[in-house]
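Chains as they are written, first to last, in the working numbering: chain A, 1 to 1044; chain B, 1045 to 1279; chain C, 1280 to 1398.
We treat Cβ as the ideally placed atom computed from N, Cα and C, and that holds for glycine.
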């Protein structure tokens, strides 16, 4: 192993050497710079690897041949080596990235860059307090120099503000340092004893040191200067400033907090969480890309500081957690800054230019997923461990603040991503191979880091999961035609099913069939797509991977990771739709919010235990159990779109692509239902404040069923109608589950199957109609029955099945349903659910009536049947529905037996094809017979009556001379249910939408108002800095007074 | 009084109370603390330097000093960068000034060699008497300042200054590394014999390092001064 | 009140005075000068902390080596203050260079004229 001191010596030596090179060759100077940075990076990496593998031991490096504290010493341990690797490699890549500007300004600026990286490495290694100060000043001066790399003239002002603020910080730091020296008789950091948090003598001195180091981390709100730098500096330098400087400064703060003792940790926690919340909140109002990244940088470092504040509860896992966040931040943020150099405009929507190059879009998505802590990236493991530690120690408010701020951050970043995908780009992307190579290297690193964090997690290493790798495989395969990929995707799903279905209980098996085989079936419709269909298969397979893993998951970690996979995959999928930008955003925000509720719930349930099996949910302590139940239920209900948490669903499902709508509606919603199954299976009845929580669920289910149906009835958009109908249907299922009896569960499962079949079918059918008519608005259609007969048949069968009239399987559902509600005593919600049946008829009728019956529109006269690949799966569904209606026992019997084991009863008797319950008998075959007879009779009657009918041409009507102002309003299907709307319209009042819009507006308003605080005046920033210090001082002083 | 002055005043008053707490709690040491005592007792044996502060600066806290030299190096480089774009056209700079008088010109010619010599004396003797590389370097640079004042149109070779600066810095780093190979660690001064206590050739590498620092600091200050001077507006 | 305390109070006073100047003067050059005053204050505080009453400078030309521990003041702050001075000088020079560039760019030395980056 080479001595780590050479990192410093190489940086400095090279910086000095540059002056000796021939004046004319800046190119040679550049290569020397690169070589030196590469060498520094190599030493750091070799130490990281050596320490990680145990080939090397942490080493204390003394200088001047004298032992500390009498001479300055450095320390190289695992954390140091890893962070110096981050610093030096960021520097190296940024040097490549800034090549042109470095050559333009010459060797002096290269020397400054070398010194900066050297000083950052020194800051990480040094164990001497004053040496720390020297390195910080070197960093300040070098940063002020590199700010000049920018061609933006405003950077000058930003640099000066930075110097002003740094002066104030260094004054505080020096005063603190010298009094600390006086108190300890030593400048060595390791000689600083743990001190109580009081404001006299040595403690006050250490406070000054700590607060100065915290100020270097740009805490909210004393950080306007840093934001100005991020906004105006060269992106290559911003990458260093955010990733490398942030990392080094955070580690410096950690070193001091580590020795200052546990009494000071609340300081780090408090400032950290305020910064994380504040920065993310204010980022909401940002439209400038680099400034937004600045806010996000500030927030992430604040989060790291908060984690440092948890040193006492995290113990030995602190490096893992803090490192996971820090390294994710470093890689993703530098990657995004580098990426920003490829975009010409500075508005967020200008990033749409990246669409010119799909690889860059993948990089963008990777960085955003990494920042938001999605699996399989390191921050995901860190978030998991952190929340578990916090919940186990009762830090509920802190957890809540953390999760809410993380959600806001995700909203900010995904909104940006949505703009990049959906907006029009005004200017083309910059073509620069160096830039792209640097970005791609960062992206590659992120996957390597994911592997490392996964391997060290003690849990499953997510990046090695076959379904995930299969989904990622489609990234390189994206150059092939869509049809080939589709075949591979279907084969993959079928194979995965064959591999994983063994040994599952019937309930899980049913869900696995729906999610994996159902997915394969729906993918048949995707054969319709022409060309390459870039960016479809990875998200789709990611979503299916998530669902497949969800069903087979055993531990809470697996469950949660799978949940996030399916959420992210489906988000990207939904975002592909035509007008889906706002809807996809609201989908991801609600989904992640739900996921965070799950995370908190699992963390609370596990009580800090490392591996927690989902089946252990039944054994948790009764005092926390109801809260766990509530948190998990919120998470699952978000997915099933229960009333109140439903507002994301209509847009997301309606705006998605033709073959995506059935996937996210027919299949994805079942994930929430599956979660509820597991939850109720393991936890059963829970009581909170004397309220039986399952009763609350019953009510929520009933309300969703009823209101969803009412809202569906008033839609003009066919896909939205189906979307609202899903809310209603999921309400039925939740209702059934929450009844907590055998028949209720059977009902829920029956609904899961049925809803998958007919909702997939109807979405495909309506999608097919839309393909041909280019509209989703029903009043623009009409009379398509003869033009699209197959589609008509599938809609007809679909709505018969769905409305629960005999003979199709929906009737079986109803039959079980009536049996189920007869055996419970919750009368009021029962009536509500009962009422939603007829309301369901209203909207289902519209599908047939407005689309297929009546007069065909003139412009739609030439419309053809929907494409073959869209019709084909529908026909399969029709066949299945008929078979399932005739022979329900083929699926239900096994499930019924299994549910019987759970509840210990057997209310249904299966004799042959006849099912008996205490209230009556269901004989599917007999029903078919009766229906056939009735149908044929009526048909014959109609044929007989038909000879009296008079054939009229379509335009054989009389027009008046007037032309209505809005012609569509004269269409017979316009505002079809006006009378009902008069009666029930109040239910349409957008209470939930209003509520969430209010929340969103309040947040935006706060952000818009608060950021005015950053006046841009350097002097004001300095005043704010002092104000921050004094405020912290007074708050701590006040809290001490309260404590003593 | 406006809020613009009132707010800082209130803040500084509060900061002042914190400072006052430090002041009020300050008890002067009666004895040297352990670090200082170590230096008092061991400096001579370990470094051979007569000036304890020098021993600390160059050897014990040599890494700080290397950083400190680097600060000046950085400043010189950045000032050069900042001002590079605003350089006055060649030959125009300073030409607008009146010629300096005979007295100043002659005085400068007489004084500059003495000043340079004095500067060299100060940094060569840094390990024995008060002073050292930084002070000596500053004195050297003041000689240069005098020359600039006497003749504002005078040009110094940036190349020469930069070469002196760089080679001194590089040699400094190499000396430090030699300490790792030949003696106890980075910047250990015992790579050379400690010599007779109190003589000019003593204290190992300390005089050598201080000479390098002196040259480097002198060159850096000169570089900053010339950069600043060359930006002078021609009008 | 002994010498150390006077020096230390003076140092703190200079810090506060310098900061007051830097926070209330809008002129950039005045701000820079104010910061140098504050820096000086810090340096005074630094040396005053290391001073031991009645002792001599830590140069062992007249003091016998054996007596050093009993007769010299603390040498560490003196070494630190040198570093602090040099760093302060570096930052000041840098700020002046920035001030020059700012003035060239905008023709103004009022800090409140450089607020185009905000929010």
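Under the 10 Å beta carbon count, residue 1232 of chain B is surrounded by 16 or more other beta carbons and is classified as buried. The Cβ of residue 1251 of chain B sits no closer than 8 Å to any Cβ of chain C.
A Cβ-Cβ distance of about 37 Å is found for the pair residue 237 of chain A and residue 313 of chain A, leaving them out of contact under the 8 Å criterion. Nearest CB-CB separation between residue 1033 of chain A and chain B: below the 8 Å threshold.
For chain B, the residues of the segment 1331-1348 of chain C that bring a beta carbon within less than 8 Å of one of its beta carbons are 1331, 1332, 1336, 1337, 1338, 1339, 1340, 1344, 1347 and 1348, in chain order.
Contact residues of the segment 1289-1311 of chain C toward chain B are 1291, 1294, 1295, 1298, 1299, 1302 and 1303 (C-beta to C-beta distance below 8 Å).
Not a single CB atom of chain B sits nearer than 8 Å to the CB of residue 1317 of chain C. For the pair of segments examined, the segment 100-107 of chain A was found not to touch the segment 42-61 of chain A: the number of CB pairs separated by less than 8 Å stays below three.
As far as DSSP is concerned, residue 624 of chain A takes part in no beta bridge. For the segment 115-135 of chain A, residues whose beta-carbon sits nearer than 7 Å to a beta-carbon of chain B comprise 115, 130, 131, 134 and 135.
Where residue 934 of chain A is concerned, the enclosing alpha helix (DSSP H) starts and stops at 924-945. Taken in chain order, the whole alpha helix (DSSP H) runs of length 4 or more contained in the segment 86-112 of chain A are 99-105.
Take residue 778 of chain A, set aside five residues on each side of it, and the residues of its chain with a beta-carbon closer than 7 Å to its own are 716, 718, 846, 850, 851 and 973, in chain order. Nearest CB-CB separation between residue 1217 of chain B and chain C: not below the 8 Å threshold.
Per DSSP, residue 184 of chain A is one residue of the alpha helix (DSSP H) stretching across 154-184. With 16 or more other CB atoms across the displayed protein chains lying within 10 angstroms of its CB, residue 223 of chain A is buried. At a cut-off of 8 Å between C-beta atoms, residue 310 of chain A does not count as an interface residue with respect to chain B. Chain B has a Cβ within less than 8 Å of the Cβ of residue 1353 of chain C. Against residue 141 of chain A, the close residues of chain B are 1115, 1118, 1119 and 1122, in the order they occur along the chain (beta-carbon pairs closer than 8 Å). Ranked by how close their Cα comes to the Cα of residue 800 of chain A, the residues A:844, A:419 and A:117 have A:844 in first place.
Neighbours of residue 1369 of chain C across chain A, judged by C-beta separation under 8 Å: 137 and 141.
For residue 1394 of chain C, no Cβ of chain B is located within less than 8 Å of the residue's own Cβ. Membership of residue 75 of chain A in the beta strand (DSSP E) is indicated by the continuous run 73-76. The C-beta distance from residue 1255 of chain B to residue 1168 of chain B rounds to 6 Å, short enough to fall under 8 Å. Assignment of residue 223 of chain A by DSSP, reduced to helix, strand and coil, places it in the coil class. Taking 8 Å as the cut-off between beta carbons, the residues of the segment 1085-1099 of chain B near chain A are 1086 and 1090, in sequence order. For residue 579 of chain A, the number of other beta carbons within 10 angstroms of its own is below 16, and it is reported as exposed. Between the alpha carbons of residue 690 of chain A and residue 896 of chain A lies a distance of about 32 Å.
Of all residues in the segment 222-237 of chain A, only 224, 227, 228, 229, 231 and 232 place a beta-carbon less than 9 Å from a beta-carbon of chain C. In terms of CA proximity to residue 1259 of chain B, B:1211 leads the group B:1084, B:1226, B:1211 and B:1247. The beta-carbon separation of residue 764 of chain A and residue 873 of chain A, rounded to 6 Å, stays under the 8 Å limit for a contact. Taken atom to atom, the span from the alpha-carbon of residue 1257 of chain B to that of residue 67 of chain A is near 25 Å. In the three-state reduction of the DSSP assignment, residue 1209 of chain B falls in the helix class. Taken in chain order, the members of the segment 986-1014 of chain A whose beta-carbon sits within less than 7 Å of a beta-carbon on chain C are 1011, 1012 and 1014.
Residue 737 of chain A and residue 816 of chain A do not touch by the CB rule: their CB atoms are close to 13 Å apart, not below 8 Å. Within a 10 Å sphere around the beta-carbon of residue 609 of chain A sit fewer than 16 other beta-carbons, which makes this residue exposed.
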